[in-house]
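Numbering (full-length UniProt numbering), first residue to last: 1 to 140.
Shown next, in structure tokens, is the structure this report addresses.
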Amino acid sequence: MSDYLQHFTERFATLGPDNLELLGELYSDDVNFRDPLHHISGLSALRGYFAQLYANVSEVGYRFEGLDEPTPGHGYIRWIMHYRHPRLAGGQPISLQGCSHLRWRGRVYFHQDYFDAGALLYEHVPILGGAVRWLKGRLA
Numbered sequence: 001m002s003d004y005l006q007h008f009t010e011r012f013a014t015l016g017p018d019n020l021e022l023l024g025e026l027y028s029d030d031v032n033f034r035d036p037l038h039h040i041s042g043l044s045a046l047r048g049y050f051a052q053l054y055a056n057v058s059e060v061g062y063r064f065e066g067l068d069e070p071t072p073g074h075g076y077i078r079w080i081m082h083y084r085h086p087r088l089a090g091g092q093p094i095s096l097q098g099c100s101h102l103r104w105r106g107r108v109y110f111h112q113d114y115f116d117a118g119a120l121l122y123e124h125v126p127i128l129g130g131a132v133r134w135l136k137g138r139l140a
């Protein structure tokens, strides 16, 4: 198991709206963060992204399922995010599986998240959610 990734996940799990300064311990000033819905460049923009994330949800947490460092400074984290948003799924808890690809030199300079954007958001929006679930069922 990667000591770096273990430390990263332990610190990341403690993030919240009141301690976003911890991002500076985890990410480099020139971090490049991507997921299916966002492309963020720079630590300042990443702080803004996380501030907005925490402002929009009533709760969020992560369970880390696996860590892999195939080469030094290059690794993967499998995770499940649990969150609750007042306007999605009737405010009920939502779980999302995903994987993060990280590259680091002391701190993370590249972070790419992989997850199903429909399972994160679209499936839980009234009216649109039914259409997305129907379409996914037809394609399966």
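No residue lacks a Cβ here, since even glycine has one placed at the ideal position from N, Cα and C.
What three-state label does DSSP hand residue i in the structure shown?
{"i": "residue 32", "result": "strand"}
{"i": "residue 71", "result": "strand"}
{"i": "residue 100", "result": "strand"}
{"i": "residue 112", "result": "strand"}
{"i": "residue 66", "result": "strand"}
{"i": "residue 7", "result": "helix"}
{"i": "residue 24", "result": "helix"}
{"i": "residue 17", "result": "coil"}
{"i": "residue 106", "result": "coil"}
{"i": "residue 48", "result": "helix"}
Given that a residue counts as buried once 16 or more other Cβ atoms are within 10 Å of its Cβ, and exposed if not, what is residue i?
{"i": "residue 37", "result": "exposed"}
{"i": "residue 111", "result": "buried"}
{"i": "residue 113", "result": "buried"}
{"i": "residue 80", "result": "exposed"}
{"i": "residue 75", "result": "buried"}
{"i": "residue 98", "result": "buried"}
{"i": "residue 58", "result": "exposed"}
Taking the alpha carbon of residue i as the reference point, which residue from the options has its own alpha carbon closest?
{"i": "residue 42", "options": "54, 24 and 53", "result": "24"}
{"i": "residue 5", "options": "49, 19, 66 and 39", "result": "66"}
{"i": "residue 92", "options": "82, 98, 69 and 100", "result": "82"}
{"i": "residue 96", "options": "102, 116, 103 and 85", "result": "116"}
{"i": "residue 44", "options": "7, 15 and 32", "result": "32"}
{"i": "residue 15", "options": "39, 34, 49 and 68", "result": "49"}
{"i": "residue 55", "options": "17, 40, 9 and 73", "result": "17"}
{"i": "residue 51", "options": "73, 103 and 21", "result": "21"}
{"i": "residue 2", "options": "101, 39 and 69", "result": "69"}
{"i": "residue 60", "options": "13, 8, 7 and 9", "result": "13"}
{"i": "residue 100", "options": "77, 84 and 85", "result": "77"}
{"i": "residue 11", "options": "62, 39, 84 and 94", "result": "62"}
**Q.** Contact the segment 93–107 vs the segment 16–32: 3+ CB pairs below 8 Å
**A.** yes
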